[in-house]
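Trainee: Following the numbering used here from start to finish, the sequence shown increments by one per residue and tops out at 210.
Take this structure first; my questions come after.
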Amino acid sequence: MPSRAGQNGAAERIEGMIEARTVLGKRTVIVGETGSGKTRLTARILEGLLELVDASEVTVIDMAPTTIPGLGYRLSHYTSAVHRVRYLAPREVRAPRLEGRSVEEVIQLAEFNRNVLESLLELFRKDPTRVLVVNDMTMYFHAGDPNKLAECALLAETFLANAYSGLKLSNDKGSGLTRRESEALKYFVERVNADVYYL
Numbered sequence: 012m013p014s015r016a017g018q019n020g021a022a023e024r025i026e027g028m029i030e031a032r033t034v035l036g037k038r039t040v041i042v043g044e045t046g047s048g049k050t051r052l053t054a055r056i057l058e059g060l061l062e063l064v065d066a067s068e069v070t071v072i073d074m075a076p077t078t079i080p081g082l083g084y085r086l087s088h089y090t091s092a093v094h095r096v097r098y099l100a101p102r103e104v105r106a107p108r109l110e111g112r113s114v115e116e117v118i119q120l121a122e123f124n125r126n127v128l129e130s131l132l133e134l135f136r137k138d139p140t141r142v143l144v145v146n147d148m149t150m151y152f153h154a155g156d157p158n159k160l161a162e163c164a165l166l167a168e169t170f171l172a173n174a175y176s177g178l179k180l181s182n183d184k185g186s187g188l189t190r191r192e193s194e195a196l197k198y199f200v201e202r203v204n205a206d207v208y209y210l
């Protein structure tokens, strides 16, 4: 069962899972360890949002890695609802900590992701919708500027995202990527004043 971080930072238990009505008109981030169900829950909420708002008013930016089987999934793995909305997903997103064999490779892969993902953020910035859903946004935080994602979140009336936070993927080969990811997530949440739910 997820818990909700209150404004004072203390986590309080919530009854049941969060739903579309819970996130409508707000900025919400679902945080958890790899395999905790973040993407599955995001998919369920997306389906609910489509009962409340027109599909033409929803954009999904899918940042999930595509190169390591079983490491995270795109929203399209869990729901066909992505075919009803503006669905932006690069052909390839790398997994820097798992694929990189050295500091240099980890950083290079993170930069690759930043480049492909920033192009999607720019598409949204130029043509925003009322609802923005982002899957696996911490992939962008490895090398990207959290302010660019925050600007997109603030353009939407409703923002929903999920983000990795945990220990299973903490080995970053000494690149500093894990610390950067954590700091960027914290900064982003504060910048957009998001409600945070921990799985």
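Ideal Cβ positions, reconstructed from N, Cα and C, are used throughout, including at glycine.
How is ARG190 classed by DSSP in three states: helix, strand or coil?
Mentor: helix
Trainee: Exposed or buried, ASP65, counting other C-beta atoms within 10 Å across all chains shown (16 or more means buried)?
Mentor: Exposed, because fewer than 16 other Cβ atoms sit within 10 Å of the Cβ of ASP65.
Trainee: Which of helix, strand or coil does DSSP assign to LEU171?
Mentor: It is a strand residue.
Trainee: What would DSSP say about ASN146, mapped onto helix, strand or coil?
Mentor: Of the three classes helix, strand and coil, the one that applies to ASN146 here is strand, per DSSP.
Trainee: Could you name the residues of the same chain whose beta carbon sits closer than 8 Å to that of GLY36, not counting the 5 residues immediately before and after it, in chain order?
Mentor: Cβ within range, chain order: GLU168, THR169.
Trainee: Here's the rule: buried if 16 or more other CB atoms are within 10 angstroms of the residue's CB, otherwise exposed. What is ILE79?
Mentor: Classified as exposed, ILE79 has fewer than 16 neighbouring CB atoms from the shown chains inside 10 Å of its CB.
Trainee: Using DSSP with H/G/I as helix, E/B as strand and the rest coil, what is LEU35?
Mentor: Taken through DSSP and simplified to helix, strand or coil, LEU35 comes out as coil.
Trainee: Is it buried or exposed for ASP138, if we count other Cβ within 10 angstroms and need 16 for buried?
Mentor: Counting the other Cβ atoms within 10 Å of the Cβ of ASP138 gives fewer than 16, which makes it exposed.
Trainee: Rounded to whole angstroms, what is the Cα-Cα separation between SER193 and ARG108?
Mentor: 14 Å
Trainee: Counting C-beta neighbours from all protein chains within 10 Å, is the total for GLY46 16 or more, i.e. buried, or is it exposed?
Mentor: exposed
Trainee: If you compare alpha carbons, which of GLU129, ALA106, LEU131 is closest to GLN119?
Mentor: Closest option to GLN119, judged by alpha-carbon separation, among GLU129, ALA106, LEU131: ALA106.
Trainee: Measuring alpha carbon to alpha carbon, tell me which of ALA174, ARG191, ARG190 ends up nearest VAL207.
Mentor: Checking every option, the nearest Cα to that of VAL207 belongs to ALA174.
Trainee: Of the residues ALA31, VAL40, VAL34, GLU30, which one's Cα is nearest the Cα of SER176?
Mentor: For SER176, the nearest C-alpha among the options comes from VAL40.
Trainee: Considering only the alpha carbon of each residue, which of LEU171, PHE135, ARG55 lies closest to VAL203?
Mentor: LEU171
Trainee: If we count the other Cβ atoms within 10 Å of its Cβ and call it buried at 16 or more, is ALA195 buried or exposed?
Mentor: That one is buried.
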